[in-house]
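Trainee:
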Amino acid sequence: SAYLDTIEQGPPDAILGIAQAFRENNRPGKVNLAVGAYRDDAGLPFVLPSVAAAEARLLSRGEKKEYAPIEGLPGFIQLALKFAYGDDCAALKEGRIAAVQTLSGTGACRLAGEFYARFLPKGTAIYVSDPTWGNHINIMQLAGLEVRKYRYLDRATQGFDFEGLLADIEAAPAGSIFLLHACAHNPTGVDPSSEQWRTVSNAILRKGHHVLLDCAYQGFASGDAEADAFAIRLFLDEGHSLLLAQSFAKNFGLYGERVGTLSVVCADAASAGRVLSQLKCIVRPMYSSPPIHGALIVNEVLSNAELRRQYYGDCAGLADRIGTMRLRLIEELAAVGSTHDWSHVKNQIGMFAFTGMTAAMCDELTERHAIYLTRDGRISLPGLNSGNLAFVASAIHEVTN
Ligand code: PLP
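FYI, in the UniProt record's numbering the residues of the sequence shown are 25 to 425.
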């Protein structure tokens, strides 16, 4: 058909495009440090033992393949919310948190954007961190929101620009939306301290801004999912106008299952009921209802005391290997003679090392050494392992020397 002939090639995705280039390169020893997915020390994808055990239990019982309700599986949603907000969360007990199961964190962010676009005054801007996960910007623009940036990373020190963030909260028109990463900020690995979170929270409250917390790495910052929920629970306690996008892709290793939630904290149960009805109105014409298999797995893990205990250990194990790779990378860099100051990488947290390498250096790593990473200098630490660490460190030394 003629109109198809006029369609131009779309641009590749900044991150997934690199994954494709990696696959197409057949050089032996190539290294993929681009995509934020966990790998074990042999460089292989990893299914958490607790997750595998939960799935086996599910299958042995005989999983039904029925539709979920529009909002998702109620049991899963309640457990997922408790995982984020805490087992004793009063707002949950009061029934004033409206929530739907989503297509992972991306789907949750997209629904949040649609919800804001429908119900906040036209022209309300959403502020995202500079830098942020690139998809945030596309998601929110497609939802019809104006996207602006707040200062987050101090590029001189590669540390947290706390003053810049506070100034931008203050300067934004009252009633704007602030999208914050709940923990393990992507791509910088720079998180506020508890004290800084309190100050940020107060500044946002004073200006009457709305908050969307994006929680894609609960458990990946400290290894303890409870500790990593600090900002979520603080913002809930402080009475913010709060939405939470929750993903189980990374912390449960359920990337392809697409499991998550979007929740909206309301003043009372009646308001939550109305909000839920509107979330369902957004979901139904978009994808009708979410997939069930991954949600049933999370439900099984979180509802069974023994599996849940095992899960917390599994999650700590992932975070531990990532933390070890962070330290060993810095040690290896020193060992191959790098005199560059890598202390910022040591202070970062979560899945990534934000190295401060320029786009030209990243290109050189890819072209000369077949090491793939995003051009902002971000390294996905689980892509490192005993087998490639020395090679990667000497290549980084070579391009940064
Ligand atoms: N938010 C952030 C900050 C992320 O880094 C990611 C994934 O990389 C997501 C959301 C969404 O991931 P998913 O849709 O796989 O849950």
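Yeah, the Cβ is synthetic: ideal placement off N, Cα and C, and Gly gets one too.
Quick check: does the Cβ of C113 come within less than 7 Å of any heavy atom belonging to ligand 1?
Mentor: Your numbering for residue 113 matches position 89 in the sequence shown. C113: no, Cβ never under 7 Å from ligand 1.
Trainee: Counting Cβ pairs closer than 8 Å, one from the stretch 167-181 and one from the stretch 198-214, do we hit at least three?
Mentor: Yes, the stretch 167-181 touches the stretch 198-214.
Trainee: Should I31 be labelled buried (16 or more other beta-carbon atoms within 10 Å of its own) or exposed?
Mentor: Translated into the one-based positions of the sequence shown, residue 31 becomes position 7. Label assigned to I31: exposed.
Trainee: Count the other CB atoms, across all protein chains shown, that sit within 10 Å of the CB of K117; report buried if there are 16 or more and exposed otherwise.
Mentor: Translated into positions along the sequence shown, residue 117 becomes position 93. With fewer than 16 other Cβ atoms within 10 Å, it is exposed.
Trainee: Does the stretch 154-162 touch the stretch 310-328, meaning 3 or more C-beta pairs lie closer than 8 Å?
Mentor: The stretch 310-328, when compared against the stretch 154-162, does not touch it at the 8 Å Cβ threshold.
Trainee: For residue 6, report the span of its beta strand (DSSP E) as first-last.
Mentor: Past the edges of the chain, shown from 25 to 425, lies residue 6, and the structure says nothing about it.
Trainee: Give the DSSP bridge partners of G183, in chain order.
Mentor: Translated into positions along the sequence shown, residue 183 becomes position 159. Looking at the DSSP assignment, G183 forms a beta bridge with D178.
Trainee: Nearest by alpha-carbon distance to residue 3: which of Y335, A122, F202 is it?
Mentor: This structure cannot settle anything about residue 3, because the visible part of the chain is limited to 25 through 425.
Trainee: Assuming L389 and V360 are in contact, meaning their beta carbons sit under 8 Å apart, how far apart are those beta carbons, in whole angstroms?
Mentor: Taking the first residue of the sequence shown as 1, we reach residue 389 at position 365. Taking the first residue of the sequence shown as 1, we reach residue 360 at position 336. Between V360 and L389 the Cβ distance is about 14 Å, and since that is not below 8 Å, they are no contact.
Trainee: Pull the bridge partners of C113 from the DSSP assignment, please.
Mentor: Numbered from its first residue, the sequence shown carries residue 113 at position 89. Answer is none; C113 lacks a bridge partner.
Trainee: Just checking my contact of N409 with R172 at CB under 8 Å: how many whole Å lie between their CB atoms?
Mentor: Against the sequence shown, residue 409 aligns to sequence position 385. Against the sequence shown, residue 172 aligns to sequence position 148. With a Cβ gap of about 39 Å, N409 and R172 do not count as contacting.
Trainee: State yes or no: is the C-beta of L267 within less than 8 Å of the C-beta of I321?
Mentor: Here residue 267 is taken as the residue at index 243 of the sequence shown, counted from 1. Here residue 321 is taken as the residue at index 297 of the sequence shown, counted from 1. Contact flag unset, no.
Trainee: Applying the criterion that 16 or more other CB atoms from any shown protein chain within 10 Å of the CB defines a buried residue, is N226 buried or exposed?
Mentor: Numbered from 1 along the sequence shown, position 202 holds the residue referred to as residue 226. N226 comes out exposed.
Trainee: Report whether the distance from the Cβ of H205 to the nearest heavy atom of ligand 1 is below 7 Å.
Mentor: Looking up residue 205 in the sequence shown gives position 181. H205 Cβ: within cutoff of ligand 1.
Trainee: Any heavy atom of ligand 1 within a distance shorter than 7 Å of the CB on S404?
Mentor: Against the sequence shown, residue 404 aligns to sequence position 380. No, the Cβ of S404 stays beyond 7 Å of every heavy atom of ligand 1.
Trainee: So the candidates are A122, C113, R81; which of them puts its Cα closest to the Cα of S301?
Mentor: Position 277 of the sequence shown holds residue 301. Nearest option by C-alpha distance: A122.
Trainee: Given a cut-off of 8 Å on the beta-carbon distance, is the pair L331 and F107 in contact?
Mentor: Indexing the sequence shown from 1 puts residue 331 at position 307. Indexing the sequence shown from 1 puts residue 107 at position 83. Cβ atoms of L331 and F107: not closer than 8 Å.
Trainee: Please classify S200 as buried or exposed, where buried requires at least 16 other C-beta atoms within 10 Å of its C-beta.
Mentor: As a working mapping, residue 200 is identified with position 176 in the sequence shown. With 16 or more other Cβ atoms within 10 Å, it is buried.
Trainee: Sort L405, R392, A383 by Cα distance to K370 and report the nearest one.
Mentor: For this step, residue 370 is matched to residue 346 along the sequence shown. Of the candidates L405, R392, A383, the one whose C-alpha sits nearest the C-alpha of K370 is L405.
Trainee: Could you tell me how far apart the beta carbons of T126 and T223 are, in whole angstroms, since I believe they sit closer than 8 Å?
Mentor: Translated into positions along the sequence shown, residue 126 becomes position 102. Translated into positions along the sequence shown, residue 223 becomes position 199. The Cβ separation is near 30 Å, so there is no contact.
Trainee: Note down the Cα distance separating Y140 from G53, rounded to an integer number of angstroms.
Mentor: Here residue 140 refers to the residue found at position 116 of the sequence shown. Here residue 53 refers to the residue found at position 29 of the sequence shown. Answer to the nearest angstrom: the Cα atoms are 46 Å apart.
Trainee: What does the Cβ neighbour count give for L40, buried or exposed, with the cut at 16 atoms within 10 Å?
Mentor: Sequence index remark: in the sequence shown, residue 40 carries index 16 (1-based). So L40 counts as exposed.
Trainee: According to DSSP, which residues form a beta bridge with V322?
Mentor: Position 298 of the sequence shown, counting from 1, holds the residue named residue 322. V322 is not bridged to any residue.
Trainee: Return the CA-CA distance between V235 and N56, expressed in angstroms with no decimal places.
Mentor: On the sequence shown, residue 235 is found 211 positions in, with the first residue counted as 1. On the sequence shown, residue 56 is found 32 positions in, with the first residue counted as 1. If you take the alpha carbons of V235 and N56, they lie about 34 Å apart.
Trainee: Let's see if you can read the secondary structure: which residues bound the beta strand (DSSP E) around I121?
Mentor: Numbered from 1 along the sequence shown, position 97 holds the residue referred to as residue 121. Note, I121: beta strand (DSSP E), 121-126.
Trainee: Would you mind sorting L83 into buried or exposed? The rule is 16 or more other CB atoms within 10 Å of its CB.
Mentor: Looking up residue 83 in the sequence shown gives position 59. Exposed, by the Cβ-count rule.
Trainee: Which residue comes first and which comes last in the beta strand (DSSP E) that contains I31?
Mentor: Counting from one through the sequence shown, the residue named residue 31 turns up at place 7. Note, I31: premise wrong, no beta strand (DSSP E); not H, not E.
Trainee: Classify E391 as buried or exposed, calling it buried when 16 or more other Cβ atoms lie within 10 Å of its own Cβ.
Mentor: Here residue 391 refers to the residue found at position 367 when the sequence shown is read from its first residue. Per the 10 Å Cβ criterion, exposed.
Trainee: Between the beta-carbon of S74 and the beta-carbon of D400, is there less than 8 Å?
Mentor: Taking the first residue of the sequence shown as position 1, residue 74 is located at position 50. Taking the first residue of the sequence shown as position 1, residue 400 is located at position 376. For S74 and D400, no; Cβs fall outside 8 Å.
Trainee: Can you grab the Cα-Cα spacing for the pair A196 / Y91, in whole Å?
Mentor: For this step, residue 196 is matched to residue 172 along the sequence shown. For this step, residue 91 is matched to residue 67 along the sequence shown. Roughly 43 Å separates the two Cα atoms.
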